[in-house]
Structures are given as C-alpha cells and as structure tokens.
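Engineer: In terms of the working numbering, the sequence shown opens at residue 1 and continues consecutively. Glycine residues also receive a C-beta, built at the ideal position from the N, C-alpha and C atoms.
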Amino acid sequence: SSDELEIIENRLIDIIKEYREYDEYLQSLKKSTELMFSVITIINSFAICASLIFCLTSSVSTGLPIVIILFSQVACVCMIGQMIENQNEALLNAVCGFCWLELSKSKKKIYLQFIQMCQNTTVIRLPMIGRVNMALFQRILRASYSYFMFLLSVLDVI
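Here it is as structure tokens:
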C-alpha cells in the first residue's frame, strides 16, 4: 500500500544517512588500521623467518611454539580483514536484494547512488602486498614453507 511504501522509503533514507556516517567513520579508521596491520604483518613475517632459523639451528622445542604464536597473530589479523570483507559482501547482497523497483523515481535515484556507495567497499590493504584476508595468510604460509625448505637445503649442504 501507499502508506507502507512511504514508511519503507523514509526508513531507506534513514539507513542511507546512517551508512554514510558509518562509511566516513570507516574511512577515518582505515589508514591507521592499515598502518597497524602492515607493521604487525611485516614484523611477524621477519620474526617467523628468524624463528625458523632458530628451530633449525638450535632447538625445535623452544622455537616451534614461537612460530605457532607468530602464525596465530598473523592469522588473527587476516581473519579480521576477511570478516570486514564478508560483512561488506553481506551488506551489498542485502542492498541489491531490496525491492527498489517499487520506490518512487526520486527515491530510486537515491537508492542507485546507495548501491554505488556499497560497491566501493572498505577493504584493508597492505602496501605492495594486497588485501588483508585469508588468501594473504595462505600466501604467507606458502612463503614460510618455501623459506623453511630453502633453509633445510642450505643446512644439508653445510
């Protein structure tokens, strides 16, 4: 009915206003979060390499827990990035699934702008590395494994 459609349109405008505020807040946090995640990931990557060397040259029993803790920290950072991406995807699916064809012409234009805003989602990126998500964690695991195999081959030669 007409009254229900008006209520939906008014609620939609409120949601768009809230989303804009939320998006501005996210954009302000994004730079500091990216810097913090960059530092954590880089430091942990170097620490993982150093711990792998320590495991091979000294004691596996003391070096292995350190490696596990460092991988856990990197996994947590990557999971946070993945959760942000998942939430953005869920929001976009919800927005695109809305019955916007029933809206008035002016509200349709506003809604289409809202869809465009939602498509420019916030993701956390590391400079020269890419998005922070579980795919990054997988790349870090593969690189660590390759480095570990390289260290093993070097130690076999020595």
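1) Within 10 angstroms of its Cβ, does Phe-161 collect 16 or more other Cβ (buried), or is it exposed?
2) Assuming contact is defined by CB atoms lying nearer than 8 Å, are Ile-124 and Lys-30 in contact in what I supplied?
3) Would Leu-112 be called buried (16 or more neighbouring beta carbons within 10 Å of its own) or exposed?
4) Below 8 Å, how does it come out for the region 79–90 and the region 52–67: are there three or more Cβ pairs, yes or no?
5) For the alpha helix (DSSP H) holding Val-74, just list the boundary residues, first then last.
6) Could you pull the start and end residues of the alpha helix (DSSP H) that Ser-32 belongs to?
7) Check whether the Cβ atoms of Val-132 and Phe-37 sit closer than 8 Å, and answer yes or no.
8) Based on Cα-Cα distance, which residue from Val-154, Ala-135 and Ile-110 lies nearest to Ile-16?
9) Among Ser-153, Ile-7, Phe-148 and Gly-130, whose alpha-carbon lies nearest the alpha-carbon of Gln-82?
10) For Arg-20, which of Tyr-147, Glu-34, Gln-116 and Val-154 has the nearest alpha-carbon?
11) Give the DSSP-derived three-state secondary structure of Leu-211 in the structure shown.
12) From Tyr-22 to Phe-46, what distance separates their C-alpha atoms?
Structural biologist: So, to answer that:
1) Given that the chain is displayed from residue 1 to residue 158, the structure contains no residue 161 and the question cannot be resolved.
2) Against the sequence shown, residue 124 aligns to sequence position 124. Against the sequence shown, residue 30 aligns to sequence position 30. It is a contact, given that the beta carbons lie within the stated cut-off.
3) On the sequence shown, position 112 is the one that residue 112 refers to. By the 10 Å Cβ count, Leu-112 comes out exposed.
4) no
5) Here residue 74 corresponds to residue number 74 of the sequence shown, with the count starting at 1. Residues 60–96.
6) One-based indexing of the sequence shown puts residue 32 at position 32. Counting along the chain, the alpha helix (DSSP H) containing Ser-32 begins and ends at 2–57.
7) Sequence index remark: in the sequence shown, residue 132 carries index 132 (1-based). Sequence index remark: in the sequence shown, residue 37 carries index 37 (1-based). Yes, Cβ-Cβ distance for Val-132 and Phe-37 is below 8 Å.
8) Working through the sequence shown from its first residue, we reach residue 16 at position 16. The residue with the shortest Cα to Cα distance from Ile-16 is Ile-110.
9) As a working mapping, residue 82 is identified with position 82 in the sequence shown. Answer by Cα proximity: Gly-130.
10) Position 20 of the sequence shown, counted from the first residue, corresponds to residue 20. Measuring from the Cα of Arg-20, the nearest candidate turns out to be Gln-116.
11) Only positions 1 to 158 of the chain appear in this structure, which leaves residue 211 out of reach.
12) Here the question's residue 22 lines up with position 22 in the sequence shown. Here the question's residue 46 lines up with position 46 in the sequence shown. Roughly 35 Å between the two C-alpha positions.
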